[in-house]
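The sequence shown finishes on residue 787 if you use our numbering, and the numbering steps up by one all the way, no holes. Structure first, then comments.
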Amino acid sequence: MAGNSIRLLNTKSRRVELVPFIPDGGAPYAILSHRWYKEDGKPIEVVYEDLAPRGEAHHELANILSKVEVKKQASLHKLLFAADHAYQRGFKYIWIDTVCINSSNRKEKHNAIASMYEWYKQSVVCFVFLHDVTFQRADYTRLPSDTQSIVRLATFLHKARASTLT
């Protein structure tokens, strides 16, 4: 990965793109903070390397849509949901650690970890996906679905961020 750049998932093409990282002036993007799915204590997430399994020129979700391992389907659904959610809110890009960092490259992984604070800080909104947390209303009844909880939380965070920017 080039010096002052960041990989972002294009919410329309679903392709990971290398974009110049320009603090306070780059492409506006959303970011996904999420709990990783695990099986027997090991992560079972779609990762950057999965997006070009046969040496495709581009790392994109289309490369694995019909071929993703059964155990990684929940992860794929999460990625698609997050990309759609960001796209519907007008974001061209979203940053998701599992697919925007080539974790098999030690130097890149180290640099990404060192840059994460700045990447979170520069994002316009942070969507939160916690598959293992139950959200409750004030009357302590379960919300209809975790997806609705995420949409409400993301909308709240987006509105809160917008009000601080004006």
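Backbone N, C-alpha and C fix where the C-beta goes; we use that ideal spot for every residue, glycine too. Model, not experiment: these values are computed from the prediction.
Problem set entry | Integer Cβ distance of threonine 647 from valine 640, believed to fall under 8 angstroms | This sequence places glycine at residue 647; threonine is not what is there. That pair is a contact at about 7 angstroms.
Problem set entry | valine 689 versus alanine 735 - alpha carbon distance | 30 angstroms
Exercise. DSSP three-state call for aspartate 671: helix, strand or coil?
Worked result: helix
Problem set entry | Outcome for glutamate 666 when other beta-carbon atoms lying within 10 angstroms are tallied against a minimum of 16 | buried
Problem set entry | Three-state class that DSSP yields for valine 637 in the structure shown | strand
For this session: Sort out for me which residues DSSP pairs tyrosine 658 with in a bridge.
Result: DSSP, once it has assigned bridges, lists no residue as partnering tyrosine 658.
Problem set entry | Among Gly711, Arg727, Val749 and Ser724, the one whose alpha carbon lies nearest that of lysine 633 | Gly711
Exercise. Quick one, are the C-beta atoms of phenylalanine 642 and asparagine 625 less than 7 angstroms apart?
Worked result: yes
Problem set entry | Residues bridged to leucine 629 (per DSSP) | Glu638
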